[in-house]
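Notes to accompany the following structure.
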Amino acid sequence: MRSRLTPYLMVLPGGLWLLAFFAVPLVLMVSFSLMTGNIIEGFEQVFRWQNYTEGLELYGDKFVRSLWYGLLATTACLLLAYPAAAWIAFRAGSRKSVYLLLLLLPFFVSFILRTVSWKFVLADNGIVLGTLKGWGVLPDGFHVLGTTFAVIAGLTYNFLPFMVLPIYVALERLDPRVVEAAQDLYASRTQTFLRVVLPLSLPGVFAGVVMTFVPVSADYVNADVLGGPDNVMIGNVIWTEYFVNNDYPTASALSFTMMAILLAGIFLYARALGTEDVLEAAKR
Amino acid sequence: MTDTPAIELAGVVKEFTSHGETVQAVKGVDLSIGEGEFFSLLGPSGCGKTTTMRMVAGFDEPTSGRILLHGQDVVGVPPNRRDVNMVFQSYALFPHLSVAENVAFGLRRRKKADKREITRRVGEMLEVVGLTGRERRRPSELSGGQQQRVALARALVNDPRALLLDEPLAALDLKLRQSMQVELKRIQREVGITFVFVTHDQGEALTLSDRIAVMNDGRVEQLGTPREVYERPGTRFVAGFIGTSNLLSGAVTERSGEHAVIALGPEERIVVPAGAAAGRELEVTVRPEKIDLGVERPPGPGSVLRGTVTEVIYLGTATNYNVRTSTGADVVVFVQNANNANDIAVRGDSVWLSWEPRHSYAIGA
Chain P
256 MRSRLTPYLM
266 VLPGGLWLLA
276 FFAVPLVLMV
286 SFSLMTGNII
296 EGFEQVFRWQ
306 NYTEGLELYG
316 DKFVRSLWYG
326 LLATTACLLL
336 AYPAAAWIAF
346 RAGSRKSVYL
356 LLLLLPFFVS
366 FILRTVSWKF
376 VLADNGIVLG
386 TLKGWGVLPD
396 GFHVLGTTFA
406 VIAGLTYNFL
416 PFMVLPIYVA
426 LERLDPRVVE
436 AAQDLYASRT
446 QTFLRVVLPL
456 SLPGVFAGVV
466 MTFVPVSADY
476 VNADVLGGPD
486 NVMIGNVIWT
496 EYFVNNDYPT
506 ASALSFTMMA
516 ILLAGIFLYA
526 RALGTEDVLE
536 AAKR
Chain E
40 MTDTPAIELA
50 GVVKEFTSHG
60 ETVQAVKGVD
70 LSIGEGEFFS
80 LLGPSGCGKT
90 TTMRMVAGFD
100 EPTSGRILLH
110 GQDVVGVPPN
120 RRDVNMVFQS
130 YALFPHLSVA
140 ENVAFGLRRR
150 KKADKREITR
160 RVGEMLEVVG
170 LTGRERRRPS
180 ELSGGQQQRV
190 ALARALVNDP
200 RALLLDEPLA
210 ALDLKLRQSM
220 QVELKRIQRE
230 VGITFVFVTH
240 DQGEALTLSD
250 RIAVMNDGRV
260 EQLGTPREVY
270 ERPGTRFVAG
280 FIGTSNLLSG
290 AVTERSGEHA
300 VIALGPEERI
310 VVPAGAAAGR
320 ELEVTVRPEK
330 IDLGVERPPG
340 PGSVLRGTVT
350 EVIYLGTATN
360 YNVRTSTGAD
370 VVVFVQNANN
380 ANDIAVRGDS
390 VWLSWEPRHS
400 YAIGA
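Chains P and E supply the protein sequences, listed in that same order. Following my numbering, the numbering of the first sequence begins with 256 at its first residue and continues without gaps. Following my numbering, the numbering of the second sequence begins with 40 at its first residue and continues without gaps.
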């Protein structure tokens, strides 16, 4: 009897935690998203579905921009992370953990602080641009802050480890004999990578893309600190609705819309590229 | 066999450096492996046999020395350009590919055959290894023995100049291992390709090989046919490593025709077919199955020793007797249970051991 209950007892603390701090607020927010009213006179539950349609109408471009930025930053992360993960997994030898630690080191500093220090580095007359302008390499009017590039760069930097780690884990688990077998069977370095290493690391790539794309699309700090008025993402809108306008129903409706878009996206992505099919596609 | 050996190693040395320390894994190996030969590298773990094979495959490069495949020096040539294929100990099958795709991998990379030709050859090879009908399975859906066959087919389908097998049967259980040994021998005969077989299992090497190189501590201790290395071990190490071997020693006391005699008392002696002069110390081996065990002193010109039975081990087809001789040596005697309804002797019995002069073999003499 005891042994049959044990697994449930082990799930209990975590389950209760999730129930109290995730499920309950989620339900409350669903409720909020259908209310009407304001912070002074109070909110009233009227099941106002227009909160959703109005949100989409008003901020549709911000949704699109968020997903676009997510795509750009995720792609940049993937291009930077794969070689780095492969190098650590195959070439770093006994120093693997040192390099992984170096990779995670920025995470010991607050997310906001890291982003703000980028602002300092990229400032119009800061250490990088100021110096280059002083040398005459860049024109006086050149700036990086307040551009899409700065936001994408910041997002890429801040979420890079989420891409590196799962890819590293997948590559690290790869049996080196399988790679040798490919070479033994007349595969060149490129063919070995394309036919064996890459397909076998795809589960890691899949996980990395999800783990990066979701938080990047929902981010508001990078757009706020590094971007300009043209870089407003949906995260910034929600933040403003909540904390500036105190329009809880609109903020909640926008949040759920974003969540639905991301969930649908992940579902389609998993269906299209899910493990088995990814491997099928990689075969020939 | 053609004149050019399939594989030739000349003065091959391999050093590894780890933590600033240089270790010689292979300390100067010379080998010449003939076309179509079933050749085994036999030795304990760490003797350099796997490193030697990996250098032939191209995964490791020798620190010095030459490796020739069909007379061509291949040092510096990457594995994918060497016309040898390897069967890995863990099989190293591609987990994301089906059985047929695993087998077709090498043919597809070389682009020497069109699609139809590849399909045909893969089918043929799967038939040779008895896996027809399993083409679409994933390696993870196969048993260990079947995975082994896929690994074999994947290498053989390329028709390599030589097939390198790194302890290919080590992961299989005894029954399967034995049937795979027979299978390997059959396949080798069928395809006629040179097999280089790395193993630490002396029984496997004796069963399968045309010739065996016994390796120890980075060197080849002895090179010869299974019968040679078993019956006439060249060194103490070989005598001890291959089969059970009884090691006796003593100084030659007299010569009797072609034989050297080590007299160990009025009634006990070891007779060795060796040209050693009187006074010389000899180390003599005699295999357990060559010794006769009896309760009375046998007549005849051969070796005779007296001893006490310390252990009797019944093995079904045979019985092992452990005997402590009067000189203090421990000797194992292997008696077939063909006619003996009962044990010849029991623990504590005084017995006589005897064997013909030709079964004594003086190491290094």
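From the three backbone atoms N, C-alpha and C, an ideal C-beta is built for every residue, glycine too. Values in this document were obtained by computation on a predicted structure and should not be read as measured data.
Here's a check: name, in chain order, each residue in its chain whose Cβ is nearer than 8 Å to the Cβ of Gly292/P, leaving out the five neighbours to either side.
So the qualifying residues of the chain are Phe298, Glu299 and Pro504.
Can you pull the chain P neighbours of Ser129/E, defined as C-beta to C-beta under 8 Å?
Neighbours of Ser129/E across chain P, judged by C-beta separation under 8 Å: Asp430 and Arg432.
Measuring only the C-alpha atoms, how far is Val424/P from Phe302/P?
CA-CA distance, Val424/P to Phe302/P, rounds to 46 Å.
Following the continuous beta strand (DSSP E) through Arg105/E, name the residue where it begins and the one where it ends.
Start and end: Ser103 to Leu108.
With DSSP run on the structure shown, which of helix, strand or coil describes Glu409/E?
Examination of residue 409/E is not possible in this model, given that chain E is present from 40 through 404 alone.
Excluding five sequence neighbours on each side, which residues of the same chain lie with their C-beta closer than 6 Å to the C-beta of Asp532/P?
At Asp532/P the pLDDT is 49, less than 50, meaning the model places this residue with poor confidence; the figure from the coordinates comes in the next sentence. The answer is none, since no qualifying residue turns up.
Range covered by the beta strand (DSSP E) that runs through Leu449/P
Per DSSP, Leu449/P belongs to no beta strand (DSSP E) and is neither H nor E.
Can you look up Glu322/E in the DSSP assignment and give me helix, strand or coil?
Annotated three-state conformation of Glu322/E is strand, per DSSP.
Measure the C-alpha to C-alpha separation of Ile251/E and Leu303/E and round it to an integer number of angstroms.
Here the alpha carbons of Leu303/E and Ile251/E stand approximately 35 Å from one another.
Would you tell me roughly how many angstroms separate the C-alpha atoms of Gly169/E and Leu213/E, rounded to the nearest one?
Between Gly169/E and Leu213/E, the C-alpha separation is close to 20 Å.
Anything in the stretch 437-452 of chain P with a Cβ closer than 9 Å to a Cβ of chain E? List those residues in chain order, please.
Listed by position, the residues of the stretch 437-452 of chain P near chain E (Cβ gap below 9 Å) are Ala437, Gln438, Asp439, Leu440, Tyr441, Ala442, Ser443, Arg444, Gln446, Thr447, Arg450 and Val451.
For Phe302/P, name the three-state secondary structure that DSSP assigns.
Of the three classes helix, strand and coil, the one that applies to Phe302/P here is coil, per DSSP.
If you drop the 5 nearest sequence neighbours on each side, which residues of the same chain put their C-beta closer than 7 Å to that of Leu245/E?
Cβ within range, chain order: Pro265 and Tyr269.
What is the DSSP secondary structure of Ala315/E, counted as helix, strand or coil?
Three-state DSSP puts Ala315/E in coil, outside helix and strand.
Simplified DSSP assignment, three categories, for Met488/P
Coil at Met488/P, not helix or strand.
Three-state secondary structure assigned by DSSP to Gln375/E
Secondary structure of Gln375/E (DSSP, three-state): strand.
Pick helix, strand or coil for Thr233/E, following the three-state DSSP scheme.
Shown here, Thr233/E sits in a strand according to DSSP, grouped into three states.
Whose CA, out of Val116/E, Ser399/E, Val370/E and Phe280/E, lies closest to the CA of Val300/E?
Scanning Val116/E, Ser399/E, Val370/E and Phe280/E for the CA closest to the CA of Val300/E turns up Ser399/E.
Go ahead and pull the three-state DSSP assignment for Gly292/P.
The three-state secondary structure of Gly292/P, taken from DSSP, is strand.
What residue range is occupied by the uninterrupted alpha helix (DSSP H) comprising Phe276/E?
That run of the alpha helix (DSSP H) goes Arg275 to Phe280.
Please report the straight-line C-alpha distance between Leu344/E and His298/E, rounded to a whole angstrom.
Their Cα atoms are separated by approximately 17 Å.
For the stretch 427-445 of chain P and the stretch 276-288 of chain P, state whether three or more C-beta atom pairs, one from each stretch, are separated by less than 8 Å.
The stretch 427-445 of chain P and the stretch 276-288 of chain P do not touch, with fewer than 3 CB-CB distances between them shorter than 8 Å.
Own chain, CB closer than 6 Å to Ile294/P, minus 5 neighbours either side, in chain order
So the list reads Asn501, once near-sequence residues are dropped.
Does any residue of chain P have a CB that is nearer than 9 Å to the CB of Arg266/E?
The C-beta of Arg266/E comes no closer than 9 Å to any C-beta of chain P.
Quick one: residues in its chain with C-beta nearer than 8 Å to the C-beta of Leu359/P, no 5 flanking neighbours on either side, listed in chain order?
So the qualifying residues of the chain are Pro416.
Would you call Ala527/P buried or exposed, if buried means 16 or more other Cβ atoms sit within 10 Å of its Cβ?
Flag for Ala527/P reads exposed.
Bounding residues of the beta strand (DSSP E) (the contiguous stretch that carries Asn285/E)
Segment Asn285 to Ala290, the beta strand (DSSP E) holding Asn285/E.
Exposed or buried, His58/E, counting other C-beta atoms within 10 Å across all chains shown (16 or more means buried)?
Around the beta carbon of His58/E, fewer than 16 other beta carbons lie within 10 angstroms, which makes this residue exposed.
May I ask you to list, following chain order, the residues of the stretch 248-260 of chain E that have a beta carbon less than 9 Å from some beta carbon of chain P?
When C-beta distances to chain P are compared with 9 Å, every residue of the stretch 248-260 of chain E stays at or above that value.
Bridge partners of Glu47/E, per DSSP?
Ser71/E and Leu107/E, per the DSSP bridge assignment.
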